Amino acid sequence: MMVQSIINGLMIGGIYALVAVGLTLIFGVMGIVNFAQGELLMVGMFLTYLLNQWLGLGIYPLFFVVTPLCFLIGYGIFRGLINRVIGKPDIYQILLTLGLSIFLINGAIMIWGPDYHSIPNTIKQAAWNFGGFSIPVARVIAFCVAAAMVWALNIVINKTEMGRAMRATAESREIATLLGINPRRTFAIAFAIGIALAGAAGLLMSPLFYVYPHVGQLFSNTAFVVVVLGGMGDVYGAMIGGLLIGIVEALSSVYLAMDLAQLGVFVIFILVLFLRPNGLFGRRTA
Amino acid sequence: MLARYGKLGVVAVLLAAAASVPLFTDQQYLLNVLTMIFLFSALGIAWNFIGGYAAQLSLGHAVFLAIGAYTTIILFTRYHVTPLVGMFVGAVLAVAASVIIGYPCFRLRGPYFTLSTIAFGEILRILLLHYGNFTGGANGLNIPYRGEQPWNLQFDSKASYYWIMLAVLVLFYVLGKVITTSRIGMYLQAIRDDQDAAESLGVKTGNVKLTALMISAGLTGLLGAIYACIIGFVDPGSVASTTMSTQIALVAIVGGVGTLGGPIVGAAVVTGLTEVTNAWLGATRTGTSLTLYGALLMIIVLTRPAGLISLVDLIKWPKKSEKPTEPATEVTSR
Chain A
1 MMVQSIINGL MIGGIYALVA VGLTLIFGVM GIVNFAQGEL LMVGMFLTYL
51 LNQWLGLGIY PLFFVVTPLC FLIGYGIFRG LINRVIGKPD IYQILLTLGL
101 SIFLINGAIM IWGPDYHSIP NTIKQAAWNF GGFSIPVARV IAFCVAAAMV
151 WALNIVINKT EMGRAMRATA ESREIATLLG INPRRTFAIA FAIGIALAGA
201 AGLLMSPLFY VYPHVGQLFS NTAFVVVVLG GMGDVYGAMI GGLLIGIVEA
251 LSSVYLAMDL AQLGVFVIFI LVLFLRPNGL FGRRTA
Chain B
1001 MLARYGKLGV VAVLLAAAAS VPLFTDQQYL LNVLTMIFLF SALGIAWNFI
1051 GGYAAQLSLG HAVFLAIGAY TTIILFTRYH VTPLVGMFVG AVLAVAASVI
1101 IGYPCFRLRG PYFTLSTIAF GEILRILLLH YGNFTGGANG LNIPYRGEQP
1151 WNLQFDSKAS YYWIMLAVLV LFYVLGKVIT TSRIGMYLQA IRDDQDAAES
1201 LGVKTGNVKL TALMISAGLT GLLGAIYACI IGFVDPGSVA STTMSTQIAL
1251 VAIVGGVGTL GGPIVGAAVV TGLTEVTNAW LGATRTGTSL TLYGALLMII
1301 VLTRPAGLIS LVDLIKWPKK SEKPTEPATE VTSR
């Protein structure tokens, strides 16, 4: 029972990590807490659902359509909205992304209604059994793709020219500008990558969850917890934090009560905020 | 002086007009909408003490509203305590909760503070759902209607609630005026302008913020009790949700953060918007009003961060030089 719930927790934790890595990247590079991250996950799920209906493509091939689309959406949101509040007080940034979140949820309700949709697929029930444990295949795929994306992101941040520009801009916008880096362009790309990760997470979740306008809220609060746990702006921290929170949630739903799964998560969140506001690992990185 | 009396006269006429509305109409729908506008105006004023004057963006005020509402309803239906007493018990409990939340939260700043208020809100909502035997869980609790009982805040006509809510709003407005012009009001404005500078001048910022949160929470708790009596029903989805917390904050932000008149303007616009779109589109397009809401919030942040009330400043008032100084309403967060 315990091992099974830890396995389940790890698998869902991989998705939490993916959403949180996008959030923490945005925070680390431009200091903005994106309250609409969960809603962009919802957008990713809806895009998967709609493209599946229109084009008849399977969920996983659509990965190569949905992720770039979400990148473009993220780029557009930055250019149109976020760009205008860079360097303004926190309160403006929070309110702007909060407004975007309300807009996206209710825009989706307006267009598609509040109903639950599901994408027809065969992978939902499939599971691998070994040694008495069963692991749903869709969760394994989600976990592996999430891990691969975080690994790739890490290479981008640490090994490429773009990544160097991001780290430099995060460190000091003025000095980065003096070095010939265009901070707005760097911000726009970092934001777009963060949103692409959320969209990909939405796609990976779509075989496992119903698609409906409020689905993002299932993940956004958890993603904030993970980001704070890992240290705001710390990509590795978010990865480990995501896995940890997945396990905490799975264990508290088994040992406390089904409906208290989230309670354990929030209590840990409050404790970390007060005891170690720089995150469990206490590093400050971009 | 003349300008001052002129302004008071305008206020008196407006109040008299507002108070006489139920004499001219018995349209329950209209009275209900206006009552809700007053309620949200008062909630915005209460939120403003911490969110506006102290610039600590709380997105967890549903906690205090829910504590006030649930305390009153549980005391009334189970222990036959009149809401007139229950509302003050609820307010005291809300203040107690605010100390528990505020004491650790004020060590955090900016997004961290906002995130922790959201977390507390979610914790209360989860607990309300889990302890369903006591709180009614997802089904909520309702006050069985037993006819006109003024001592239990139960009335046959909407007009009574209308007058009660109007009186409470006026009371809150006056209270807000008194507090913002007091010493603590000045401290709060200093914190909003520059927390570090205020600290270095000897303002105990932690204590001042906690006091502001306690006032804000107590008033919100009272309003929660009144809300429960007017609606006659509470459930976690309506009073303890993040959506409710956001709505409380939005009323103040859309109208004008850190102003007394702002929340009234905000509540009128936001509630009006909801009612108009609902009446116009019916139940077919449920998300429309909230979509506009989200768009409005983004537009306000990008174009007029001081809120809709700042549009009033664009009007050329006659005798501008003779306008009396009013620190509370004139200093907006520009």
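Line by line, the protein sequences are chains A and B. Our numbering puts the first residue of the first sequence at 1, with every later residue one more than the last. Our numbering puts the first residue of the second sequence at 1001, with every later residue one more than the last. Backbone N, C-alpha and C fix where the C-beta goes; we use that ideal spot for every residue, glycine too. Model, not experiment: these values are computed from the prediction.
- Within the same chain, and ignoring the five residues on either side of A/Y75 in sequence, the residues whose Cβ sits closer than 6 Å to its Cβ are A188 and A192.
- In the DSSP assignment, A/I59 falls outside any beta strand (DSSP E) and carries neither an H nor an E.
- Interface with chain B (8 Å Cβ-Cβ cutoff): A/I270 is included.
- Rounded to the nearest whole angstrom, the C-alpha separation of A/F209 and B/I1300 is 35 Å.
- Boundaries of the beta strand (DSSP E) harbouring A/N129: A127 to F130, taken from the DSSP string.
- With a contact defined as Cβ atoms closer than 8 Å, A/G216 and A/G38 qualify at about 3 Å.
- Nearest Cα to B/L1030 within the set B/Q1056, B/V1276, B/A1119 and B/A1097: B/V1276.
- In this structure, B/S1216 is the residue among B/S1116, B/S1216, B/V1178 and B/I1143 with its C-alpha nearest to the C-alpha of B/I1045.
- DSSP, read as helix, strand or coil, puts B/P1111 in helix.
- For the pair B/K1158 and B/Q1028, the CB atoms are nearer than the 8 Å cut-off.
- Among the CB atoms of chain A, one or more fall inside 8 Å of the CB of B/M1298.
- If the five residues before and after B/M1036 are omitted, its C-beta is found closer than 7 Å to the C-beta atoms of T1271, all from its own chain and listed in chain order.
- Per DSSP, A/F133 lies in no alpha helix (DSSP H) segment; the continuous beta strand (DSSP E) that holds it begins and ends at F133 to P136.
- Three or more Cβ pairs closer than 8 Å define a contact, and the segment 1171–1180 of chain B meets that threshold against the segment 1253–1272 of chain B.
- Three or more Cβ pairs drawn from the segment 1114–1128 of chain B and the segment 260–267 of chain A lie within less than 8 Å of each other, which places the two stretches in contact.
- At least one CB of chain A lies nearer than 8 Å to the CB of B/S1116.
- Assignment of B/N1133 by DSSP, reduced to helix, strand and coil, places it in the helix class.
- Secondary structure at A/N121: coil, using DSSP grouped into helix, strand and coil.
- By the neighbour-count criterion, in which a residue is buried when 16 or more other Cβ atoms sit within 10 angstroms of its Cβ, A/R173 is buried.
- Between A/M45 and A/S206 a beta carbon distance of about 5 Å is seen, short of the 8 Å cut, so the two are scored as contacting.
- Looking at the backbone, the Cα of A/I94 and that of B/F1038 are separated by about 27 Å.
- Around A/T222, the same chain offers Y16, I245 and V265 as residues with beta carbons nearer than 7 Å, after the five sequence neighbours per side are excluded.
- For B/L1223 against B/L1065, the beta-carbon gap comes to about 7 Å, under 8 Å, which counts as contact.
- With a 10 Å radius around the Cβ and a threshold of 16 neighbouring Cβ atoms, B/R1183 comes out exposed.
- If you compare the alpha carbons of A/I123, A/H117 and A/L81 with that of A/F103, the shortest gap goes to A/L81.
- B/A1267 is positioned such that its CB atom lies no closer than 8 Å to that of B/F1049.
- The beta carbons of B/G1294 and A/N106 sit about 6 Å from each other, so the pair counts as a contact at 8 Å.
- Between the segment 1141–1156 of chain B and the segment 1073–1090 of chain B there are three or more C-beta pairs closer than 8 Å, enough to call the two in contact.
- In the structure shown, the three-state DSSP call for B/F1155 is coil.
- For B/F1172, the closest C-alpha among the options B/F1024, B/T1071, B/T1220 and B/G1140 is that of B/T1220.
- For B/L1023 and B/V1234, the gap between their C-alpha atoms comes out near 30 Å.
- Counting only unbroken stretches of 4 or more residues, the alpha helix (DSSP H) elements lying wholly within the segment 1026–1061 of chain B are 1028–1051, in sequence order.
- For B/V1301, the residues of chain A that pass the 8 Å Cβ criterion are V85, Y92, L95, L96 and G99, in the order they occur in the chain.
- Scanning A/I111, A/A168, A/I175 and A/L197 for the CA closest to the CA of A/L153 turns up A/L197.
- Among the residues of chain B, those whose CB is under 8 Å from the CB of A/V228 are Y1112 and L1115, following chain order.
- Per DSSP, the unbroken alpha helix (DSSP H) holding A/S220 starts and ends at V215 to G230.
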